[in-house]
Amino acid sequence: ALLDEQSAGTPAEIARLRTTSFARTQELAKDNPYYMYVLGTYYAEGMATVRDPAQSLVWLSKACEGFDPLGCIAAGKALRATKKAEDAERARVYFERACAAGVDEGCANTVKLRPGPAPGPRARGCGCSGEVAPGAHAGLALVLLVTFVVRRRGRRRR
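Numbering (the working numbering), first residue to last: 37 to 194.
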C-alpha cells in the first residue's frame, strides 16, 4: 500500500512484494497470533489474495483465541457487522478479551454490546470493579503461614 501511495515501485514490483508478503505471513501465521491477525486482514482487504470475509473471520478468530488483542478487535467488528444475534455474543466476548488486554476500543465496544456496567481496563474484562474480593487476603496469609511452618520444621530436623 505504501509503494502505491508513494509511486515508489513498478506495478510488477508491488505485486511481487505483496505476493511474497502474503506467502511469508501464511508461514508465520501457523503458530503466531499476531500473524494470524495480519493474514485475516489480508483476506478482509483482498490484498495479494481474493477478498474472502469468511476466511478473514477464521484467521481473526484464531488470532483472538491466541490472545492477540488486535485480532480480537477485528474479529469482534467482523462479527458485529453480520447483525446476527449469535454473532453479537461472540463479538462481545472478543471485545471483552481486548478490553482485558487494556485496549480502550475493546472496552468501548463491549459497552455497546453488553447491558449493565462497562468492565473497564482495570477490571480485566470481568465486569467487576477491579477491587479485591473480601477474604482474598486470607488465602495468601494461609500460604505464607504454611511456608513458614514447613521451613521451620526443616531447620529443626538438621
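Quick reminder that beta carbons are idealized off the backbone N, C-alpha and C, glycines included.
6 Å CB neighbourhood of residue i in its chain, flanking five on each side removed
| i | result |
| --- | --- |
| A65 | Y71, M72 and L75 |
| L106 | Y73 |
| D123 | L115 |
| A111 | L96, S97, C100 and Y130 |
Inter-residue spacing [alpha-carbon to alpha-carbon] between residue i and residue j
| i | j | result |
| --- | --- | --- |
| R238 | E125 | There is simply no residue 238 to check, as the chain begins at 37 and stops at 194 in what is shown. |
| F131 | S92 | 17 Å |
| T146 | K120 | 16 Å |
| A127 | A134 | 11 Å |
| A137 | A114 | 19 Å |
| R87 | A144 | 28 Å |
| P47 | R54 | 11 Å |
| P89 | F58 | 16 Å |
| C164 | K148 | Summary for C164: the model assigns pLDDT 41, below 50, so the residue's position carries little reliability; its value from the coordinates is reported in the next sentence. Answer to the nearest angstrom: the Cα atoms are 17 Å apart. |
| A117 | T85 | 22 Å |
| E49 | E63 | 21 Å |
| V94 | A51 | 25 Å |
7 Å CB neighbourhood of residue i in its chain, flanking five on each side removed
| i | result |
| --- | --- |
| G102 | P69 and M72 |
| V139 | P105 and I109 |
Beta-carbon proximity of residue i to residue j, cut-off 8 Å
| i | j | result |
| --- | --- | --- |
| Y78 | T56 | no |
Cβ distance (whole Å) where residue i is taken to contact residue j below 8 Å
| i | j | result |
| --- | --- | --- |
| I109 | E81 | Not a contact, Cβ separation roughly 15 Å. |
Cβ neighbours of residue i in the same chain (closer than 8 Å, five flanking residues each side left out)
| i | result |
| --- | --- |
| M83 | A37, R54, F58 and T77 |
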